[in-house]
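Read through the structure below, which is laid out as structure tokens, and then see the notes.
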Amino acid sequence: MHASKCEINLEFNSQTPETLPGHTKAKHHYREDAEWLKGQQIGLGAFSSCYQAQDVGTGTLMAVKQVNISKYFTFLNILCLFFSISLQY
Numbered sequence: 061m062h063a064s065k066c067e068i069n070l071e072f073n074s075q076t077p078e079t080l081p082g083h084t085k086a087k088h089h090y091r092e093d094a095e096w097l098k099g100q101q102i103g104l105g106a107f108s109s110c111y112q113a114q115d116v117g118t119g120t121l122m123a124v125k126q127v128n129i130s131k132y133f134t135f136l137n138i139l140c141l142f143f144s145i146s147l148q149y
């Protein structure tokens with residue numbers, strides 16, 4: 061039996077909020093519970109959750125998306141397995 065190898069290249073947009081015009085590069089991480097507080101969940105997807113959040117210093121409300129990396133990469137592994145099996149026939 062031939063072992064197949066699945067390679068997935070993920071490309072990320074190099075434009076981040078810090079590199080867009082009018083913004084400055086962050087000098088440290090924007091830490092939960094130190095610089096911002098997570099509030100109630102306002103959205104839920106297959107691989108992520110969205111929460112209302114508030115900046116501790118300014119009181120500004122924002123949304124925070126947290127991605128479950130474990131679920132995402134498990135999904136990619138299943139896709140690789142599916143396509144490697146289906147391509148052999």
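Under my numbering, the first residue of the sequence shown is numbered 61, with each subsequent residue one higher. Here a beta-carbon is modelled for each residue, glycine too, at the ideal position from N, C-alpha and C.
Take residue i and list the residues in its own chain whose beta-carbon comes closer than 8 Å to its own, dropping the five residues that flank it on each side.
i	result
Phe-135	Ala-106 and Phe-107
Gly-99	Tyr-111, Gln-112, Ala-113 and Gln-114
Leu-104	Cys-110
Val-116	Ala-94, Glu-95, Trp-96 and Leu-97
Thr-120	Gln-114
Note down, in chain order, each residue of its chain lying with its Cβ closer than 7 Å to the Cβ of residue i, except the 5 sequence neighbours on either side.
i	result
Phe-72	Because Phe-72 sits at a pLDDT of 48, beneath the cut-off of 50, its placement in the model cannot be relied upon, and the following sentence gives the value as read from the coordinates. Hits under 7 Å: none found.
Val-127	Phe-107 and Ser-108
What whole-angstrom Cβ distance do residue i and residue j have, given they're in contact under 8 Å?
i	j	result
Ile-102	Ala-123	7 Å
To which residues of the same chain is residue i closer than 6 Å at the C-beta, ignoring the five residues directly before and after it?
i	result
Arg-91	none
What are the start and end residues of each continuous beta strand (DSSP E) run of 3 or more residues lying completely inside the segment 99 to 145, in chain order? Here the runs fully enclosed are 108 to 115 and 121 to 127.
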